[in-house]
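J.: Shown below is the structure under consideration.
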Amino acid sequence: MISLTKLNGKRFMLNALYIEQIESFPDTTVTLTNGKKFVVRETVEQVAALASEFYRQLGAFRLPEAGGLNSERE
18 MISLTKLNGK RFMLNALYIE QIESFPDTTV TLTNGKKFVV RETVEQVAAL
68 ASEFYRQLGA FRLPEAGGLN SERE
């Protein structure tokens, strides 16, 4: 879950797994896979960073460390 802020200042938690797209209209709009939309105070980049960190915590996208694939075999 990621913590976001609605335009009225209220904080809420959103399951980042359901984010389909993030757009700026100029306010940041987060569209979920079910079509529901949330307008938030955070920037597109901030929401994307929060979602990326959420995925990292889940281990959903395990990327090789700085040494690349070969360093894992050594």
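Each residue of the sequence shown is one higher than the last, beginning at 18 in our numbering.
For glycine and all other residues, C-beta sits at the position ideal for the given N, C-alpha and C.
These numbers come from a predicted model, not from an experiment.
1. Starting from the C-beta of Thr-50, find all residues in its chain whose C-beta is less than 7 Å away, skip the five residues before and the five after it, and write them out in chain order.
2. Tell me where the alpha helix (DSSP H) around Arg-73 begins and ends.
3. Measure the Cβ-Cβ separation of Val-56 and Thr-48 and say whether it is below 8 Å.
4. According to DSSP, Glu-40 sits in a beta bridge with which residue or residues?
5. Starting from Arg-28 and walking both ways along the beta strand (DSSP E), at which residues does that stretch end?
T.: So, from the listed chains and residues:
1. Tyr-35 and Glu-37
2. 61-75
3. no
4. Thr-46
5. 28-31
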